[in-house]
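Numbering (our numbering), first residue to last: 5 to 125.
Cβ atoms here follow ideal geometry from the backbone N, Cα and C, with glycine treated the same way.
Since the structure is predicted, the reported quantities are computational estimates derived from the model, not experimental observations.
Contents: one structure, followed by commentary.
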């Protein structure tokens with residue numbers, strides 16, 4: 005990978021990387037269609053897969069430092085979004101029009117650009 009040094013990559017790190025990229029793609033695709041899992045599950049999936057990156061014990065072997073920073077930026081935007089939405093999102097269209105969601109999408113597009121430039125995806 006370009007853009008940063010990586011340690012030897014283990015399978016768990018690659019799985020986390022793949023799932024994060026998948027969720028980032030879903031976020032961008034929401035402009036076109038809601039994923040089969042639904043909007044609420046999309047947000048939950050993000051939390052599930054980004055949680056290991058929040059751990060001080062996690063060694064992000066499958067990520068460059070720039071990618072980790074970009075993912076954390078998406079996570080911050082996602083947290084701000086979650087703070088202004090109910091636990092279950094009833095009106096998807098209105099939710100997609102929120103300024104906080106626009107920030108999630110912008111951060112996501114930036115992260116995907118970095119990850120596609122640096123990685124195998």
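- Under 6 Å Cβ to Cβ from residue 107, same chain only, skipping five residues before and after it: list those, please. 81
- For residue 125, collect the residues of the same chain with a Cβ closer than 7 Å to its Cβ; drop the 5 residues on either side in sequence, then sort them by chain order. Any answer about residue 125 is weak, because its pLDDT of 45 lies below 50 and its placement is not dependable; what the coordinates show is given next. Only 25 and 119 meet the Cβ criterion.
- Query: By Cβ distance, which residues of its chain are closer than 7 Å to residue 44, with the 5 residues on each side in sequence left out?
  - Reply: 92 and 93
- Through-space distance from residue 72 to residue 102, alpha-carbon basis: 25 Å
- How many angstroms separate the CA atom of residue 12 from the CA atom of residue 98? Residue placement at residue 12 is poorly supported in this model, since its pLDDT is 43, which falls under 50; the coordinates still yield a value, given next. Distance between the alpha carbons of residue 12 and residue 98 is about 44 Å.
- Message: Whole angstroms are fine: how far does the CA of residue 90 sit from the CA of residue 18?
- Response: Residue 18 and residue 90: Cα-Cα distance of roughly 32 Å.
- Message: Buried or exposed for residue 27, going by 16 or more other Cβ atoms inside 10 Å?
- Response: buried
- Tell me whether the beta-carbon of residue 109 lies closer than 8 Å to the beta-carbon of residue 32. yes
- Query: By DSSP, does residue 67 sit in helix, in strand, or in coil?
  - Reply: coil
- Apart from the five residues just before and just after residue 112, which ones in its own chain have a Cβ nearer than 7 Å to its Cβ? If we look at residue 112 and ignore the five residues flanking it on each side, its Cβ neighbours are 28, 31, 32 and 78.
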